[in-house]
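Quick note: to get our numbering, add 66 to the position in the sequence shown (first position is 1). Every residue, glycine too, gets a C-beta built ideally from N, C-alpha and C. It should be emphasised that the depicted structure is a prediction, and the values quoted were computed from it without experimental measurement. Have a look at the structure below before the remarks.
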Amino acid sequence: MEFPNKGPVCCVQRQSFSGKTKKERIETIYGITDLTPNQASSKHLLKLNRGHWGIENRSHYVRDVTFDEENSQIRTGNGPQIMACLPNFAIGTLRVIKSATNIASTLRYLAAKPHRTLELLGL
67 MEFPNKGPVC CVQRQSFSGK TKKERIETIY GITDLTPNQA SSKHLLKLNR
117 GHWGIENRSH YVRDVTFDEE NSQIRTGNGP QIMACLPNFA IGTLRVIKSA
167 TNIASTLRYL AAKPHRTLEL LGL
């Protein structure tokens, strides 16, 4: 399907099963792209969609496991947003500056000698 001044629209159905009850869940999402119809084959759009979730999962997994984000007790004011920004900043900085592939081990390395963090940042 095509809209004027917009690219093709796509529909993706996802099937998942809950971990505990094994109950099936089907989710339908719709997307619109600025790609041309020639660029937006079904195969290519699915690849882009899966790539997006790979990035999302990689980010959320690190935040949940390394920073224990899900167990945060901070729930009021600006606290939750600030406590979400700090790990994002740390993760992004380590991936860009140090090309860190294992955030947890890099954090342990830096925590052992805090001056390394300043050196890493060029301070």
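So which of the options has the shortest CA-CA distance to residue i?
i: N115; options: M149, C76, I92 and E90; result: C76
i: K72; options: G97, L187, Q81 and T87; result: G97
i: L101; options: H110, A156 and N144; result: H110
i: E136; options: K164, H126, I169 and I95; result: H126
i: L187; options: T167, A170, S84 and F155; result: F155
i: A150; options: F83, D130, K164 and T167; result: D130
Just list the residues that DSSP pairs residue i with in beta bridges.
i: G97; result: C76
i: I92; result: Q81
Decide if residue i is buried, meaning its Cβ has at least 16 other Cβ atoms within 10 Å, or exposed.
i: I148; result: exposed
i: P146; result: exposed
i: F160; result: Residue 160 is actually Leu in this sequence, not Phe. Under this definition L160 is a buried residue.
i: V162; result: exposed
i: T172; result: buried
i: I157; result: buried
i: P74; result: buried
i: P180; result: exposed
i: P153; result: buried
i: A166; result: buried
i: A178; result: exposed
State the CB to CB distance for the pair residue i and residue j, rounded to an integer number of angstroms; the pair is presumed to be in contact (CB under 8 Å).
i: R182; j: L189; result: Not really, about 11 Å apart at Cβ, beyond 8 Å.
i: T142; j: I169; result: Not quite, the Cβ-Cβ distance comes to about 28 Å (not below 8 Å), so this is no contact.
i: Q79; j: T94; result: 5 Å
Could you pull out every unbroken alpha helix (DSSP H) segment of at least 4 residues lying fully inside the stretch 124-178, listed in chain order?
145-163 and 169-178
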